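Student: Shown below is the structure under consideration.
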Amino acid sequence: MTAVTDQDPTEHTDQPDDDVRGSDARNTDAGKEDARHTDVRKAHARTTGARNADVREADPREADARKAGTVGHSSRGASDGERAAHTDSTSTSTSTSTSTSTSTETWDDGLIARRVNETAEGTRFPMTDNRSAAPQTVTPLVYDGSLRSRLEALRELVGLSRTRLDSRTLSEAGRVLDEASVRRRLSGQHTVVAIAGATGSGKSQLFNALAGVTISETGVRRPTTAAPIACSWSDGAASLIERLGIPPRLRRRPLPTGDGESPLRGLVLIDLPDHDSAAVQHRRHVDRILALVDAVIWVVDPEKYADAVLHERYLRPMAAHAEVMFVVLNQIDRLPGEAAEQVLDDLRRLLDEDGIALGEYGEPGTTVLALSALTGDGVGELREALGQFVSERGAPNRRISADVDIAAARLWPVYATQRRTGLSEQAREEFSDRLADAVGATAAGEAAERAWLRNANRACGTPWLRLWRWYQDRSEPTTGRLPGRTQADEEATARQRVEQAVRTVADRASAGLPAPWAQAVREAAVRGSQGLPESLDELTARAGVPAGRPPRPGWWPVAVLVQASMTILQFLGGLWLLGQIIGVMAPNLGVPVLLMVIGIVGGPLIEWSCRMAARGPARRYGLEAERRLREAAAGCGRARVLDPVAAELLRYREVREQYGRVVGTGR
0 MTAVTDQDPT EHTDQPDDDV RGSDARNTDA GKEDARHTDV RKAHARTTGA RNADVREADP
60 READARKAGT VGHSSRGASD GERAAHTDST STSTSTSTST STSTETWDDG LIARRVNETA
120 EGTRFPMTDN RSAAPQTVTP LVYDGSLRSR LEALRELVGL SRTRLDSRTL SEAGRVLDEA
180 SVRRRLSGQH TVVAIAGATG SGKSQLFNAL AGVTISETGV RRPTTAAPIA CSWSDGAASL
240 IERLGIPPRL RRRPLPTGDG ESPLRGLVLI DLPDHDSAAV QHRRHVDRIL ALVDAVIWVV
300 DPEKYADAVL HERYLRPMAA HAEVMFVVLN QIDRLPGEAA EQVLDDLRRL LDEDGIALGE
360 YGEPGTTVLA LSALTGDGVG ELREALGQFV SERGAPNRRI SADVDIAAAR LWPVYATQRR
420 TGLSEQAREE FSDRLADAVG ATAAGEAAER AWLRNANRAC GTPWLRLWRW YQDRSEPTTG
480 RLPGRTQADE EATARQRVEQ AVRTVADRAS AGLPAPWAQA VREAAVRGSQ GLPESLDELT
540 ARAGVPAGRP PRPGWWPVAV LVQASMTILQ FLGGLWLLGQ IIGVMAPNLG VPVLLMVIGI
600 VGGPLIEWSC RMAARGPARR YGLEAERRLR EAAAGCGRAR VLDPVAAELL RYREVREQYG
660 RVVGTGR
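Numbering follows numbering that gives the first Met the number 0, in which position 432 of the sequence shown is assigned residue number 431; successive positions increment by one, without gaps.
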């Protein structure tokens, strides 16, 4: 019997027969007690019923043992007899005796336990039995308020970013959220600490020294530790160990101290394979478990403490986990004089270069110790530091918080920016102006103004002047004129202006944004620009210069009447003179000439006065037409381009705020 037992009442595995043979074959009294144990086994078979007997007979390992010869028979008989005797002494019911007989043998896990027995030199420790009648109650982990807020912000951040960032970018944040959720449901009274190190660093020896009994195999052969082994100082850690993928046959309990409750109560210690092992599977075990444990004890030796693989692959990337790391310089018994202190100082220097904060002078950080697991020098100091570390129950919170820090640091390039982002009011106005130019708002306003003036000239101008202008228009030759632009050319030019306006506003809106969000802004602008020229054409047709004559002001009828009076005066004066010439009327040149002069001079004067008076209304009319077209173009551009771009910028501001909560800045 040894001092190691199973981790939990629910964690039992059957003892391999070849291990039982090897263990019992070394017992010199096994042959003498064979007959007695055989009888007890037969009695047990009768009480447990034919079903259990069939199960034992169906075990292929028993068949192999029976074929192996006399030693196999006697060894198995002794083993079965021990189980039957233990069963009969602890329970009277059939079902209880069966389960108990199985659990009492589960400490022997095969190769590792057999080698432990071989190296124990005959020392026998009392077996510790931690089974209890009532199931163990597990108190789940409770995160502190700050960490809960950061995890919630990280969850919101990932949710808002799924459609903008690829899954590879968000994979680390998603893993941290998943692991934090799983760890929160597990025991908060236990702290899982892994012992990691290189080949020959003595980590398994330190593991055994902390447990007080040889649990993990040590030796000259490399690598010695092939699979992770767990040792728990208290009940209720089964789910934590199952999360690490450690089978029940590799779960142990430490040697009971006998002086009350252990100072390491709540500790779950994991002995890992070598991180520099030639076996790829060993390194995979290390990498997988290091991502799940609450803390790590790095064991280095005087020869490999400066190994580049250790520092570049593990210590430097885990610099954020400084508060949940121990770095132990083992094998100081091999260093003469003050060499141990010199090596320890150089180790601290290397850790500082790795960016790892050292827990010195009361500051939080990594604990650095020097010890010898072989002689026990310094092991007590490590045990005391571990006891205080475990009793604080803060390692899971600090570990998850460090994981969040690392995830946030990796997300920095896709969320952070050093300049102000967004669309300024000036950029919006310039975009509207470009669209207005594309639809010809200014030209439309000027055309409306000219139309108003032409209408005023027609209404208030002299008939002779209008006749002269009509004659000039008819008699002017068409040759020599520059060909006007076709409608197709105008539409092409307008489309190019719209595309240029969209590109400009997209570039200004995305300036300074991280690449994924800048790309999202540009894509939103491009999507909105599709069909924008056609929509602007429709708006131009509806909101442009209205068909028909422009509205007339109230003074136009008076001006028209006065202009008609001037024309009538000219006709009256002319007819009067004609009558005098042909002798119908008495000669009197003064009155008809005066009437003609008044009509001839007054007509152009009234036309000029009306033109001056029409400039103001014509300008207002043109500006109103331009304003309507500009507003229509700006509304269409805002709905199709600016609003989608603003939505992307708003989403970025939201994720930026969530990212600030994740990193703890609150911005």
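Cβ atoms here follow ideal geometry from the backbone N, Cα and C, with glycine treated the same way.
Everything numeric in this text was worked out from a predicted model, so none of it was measured.
Inspect the beta-carbon positions of residue 201 and residue 141 and report whether they are closer than 8 Å.
Tutor: no
Student: Between the alpha carbons of residue 169 and residue 511, how many angstroms are there, rounded?
Tutor: 22 Å
Student: Any idea which residues DSSP pairs residue 672 with across the strands?
Tutor: This structure leaves residue 672 out entirely; the chain is present only between 0 and 666.
Student: Would you check if the distance between the CB atom of residue 520 and the CB atom of residue 434 is smaller than 8 Å?
Tutor: no
Student: With the cut-off set at 8 Å, would you say residue 427 and residue 641 are in Cβ contact?
Tutor: yes
Student: Rounded to whole angstroms, what is the Cα-Cα separation between residue 193 and residue 289?
Tutor: 7 Å
Student: Which of the three DSSP states, helix, strand or coil, is assigned to residue 212?
Tutor: coil
Student: Just grab the DSSP bridge partners of residue 607 for me.
Tutor: Secondary-structure assignment with DSSP links residue 607 through no beta bridge to anything.
Student: Is residue 467 buried or exposed, if buried means 16 or more other CB atoms sit within 10 Å of its CB?
Tutor: exposed
Student: Would you kindly work out how many angstroms separate the C-alpha atoms of residue 370 and residue 396, rounded to a whole number?
Tutor: Between the alpha carbons of residue 370 and residue 396 lies a gap of roughly 28 Å.
Student: Flag this pair as yes or no: are the beta carbons of residue 279 and residue 253 separated by less than 8 Å?
Tutor: no
Student: Which whole-angstrom value describes the C-beta separation of residue 204 and residue 373, a residue pair presumed to lie in contact below a C-beta threshold of 8 Å?
Tutor: 6 Å
Student: Spatial neighbours of residue 523 within its chain, please: C-beta separation below 6 Å, excluding the five flanking residues on both sides.
Tutor: 643, 644, 647
Student: Going by alpha carbons, who is nearest to residue 173 out of 567, 360, 157?
Tutor: 157
Student: Cutting at 7 Å between CB atoms, please list the residues of its own chain near residue 432, excluding the five before and the five after it.
Tutor: none
Student: Going residue by residue through the region 329-366, where are the continuous alpha helix (DSSP H) segments of at least 4 residues, counting only ones entirely within it?
Tutor: Taking only runs of at least 4 residues, the alpha helix (DSSP H) segments lying wholly in the region 329-366 are 338-352.
Student: Assuming residue 625 contacts residue 443 (C-beta within less than 8 Å), just tell me the rounded distance between them.
Tutor: Rounded, the Cβ-Cβ distance is 6 Å, consistent with contact.
Student: Just checking, does the region 386-406 make contact with the region 576-594 on the three C-beta pairs under 8 Å criterion?
Tutor: They do not touch, by the three-pair rule.
Student: What's the call for residue 366, buried or exposed, on a 16-neighbour Cβ count within 10 Å?
Tutor: Residue 366 should be labelled buried.
Student: In or out: residue 516 buried (at least 16 other Cβ within 10 Å) or exposed?
Tutor: buried
Student: For a test of the three-state rule: what should DSSP assign to residue 392, helix, strand or coil?
Tutor: coil
Student: Is residue 385 helix, strand or coil by DSSP?
Tutor: helix
Student: Under the rule that 16 or more other beta-carbon atoms within 10 Å means buried, what is residue 413, buried or exposed?
Tutor: buried
Student: Counting C-beta neighbours from all protein chains within 10 Å, is the total for residue 20 16 or more, i.e. buried, or is it exposed?
Tutor: Reliability fails at residue 20, whose pLDDT of 35 lies under 50, so the model's placement of it is uncertain and the value that follows must be treated cautiously. So residue 20 ends up on the buried side.
Student: Count the other C-beta atoms from every protein chain shown that fall within 10 angstroms of the C-beta of residue 461, then say buried if there are 16 or more, exposed otherwise.
Tutor: Only buried fits residue 461, as 16 or more other CB atoms lie within 10 angstroms of its CB.
Student: Are the beta-carbon atoms belonging to residue 270 and residue 281 less than 8 Å from one another?
Tutor: No, the Cβ-Cβ distance between residue 270 and residue 281 is not below 8 Å.
Student: Taking the beta strand (DSSP E) that residue 196 falls in, what are its first and last residues?
Tutor: 190-196 is the extent of the beta strand (DSSP E) around residue 196.
Student: Mapping DSSP to helix, strand and coil, what is residue 137?
Tutor: coil
Student: To the nearest angstrom, report how far apart residue 232 and residue 381 are at their CA atoms.
Tutor: 16 Å
Student: I'd like the list of long-range same chain contacts for residue 143, defined as Cβ closer than 7 Å, with 5 residues on each side in sequence excluded.
Tutor: These residues qualify, in order along the chain: 396.
Student: Buried or exposed for residue 451, please, with buried defined as at least 16 other CB atoms from any protein chain shown within 10 angstroms of its CB.
Tutor: buried
Student: Is DSSP giving residue 577 helix, strand or coil here?
Tutor: helix
Student: Only counting the same chain, and skipping five residues up and downstream in sequence, which positions put a Cβ closer than 7 Å to that of residue 536?
Tutor: none
Student: Report yes or no: do three or more beta-carbon pairs, one from the region 342-361 and one from the region 177-184, lie closer than 8 Å?
Tutor: no
Student: Got a sec? Which residues, its chain only, sit under 6 Å from residue 268 by beta carbon, not counting five neighbours each side?
Tutor: Answer for residue 268: 192, 230, listed in chain order.
Student: Could you check whether residue 598 and residue 447 sit closer than 8 Å to each other, using their CB atoms as the reference points?
Tutor: no
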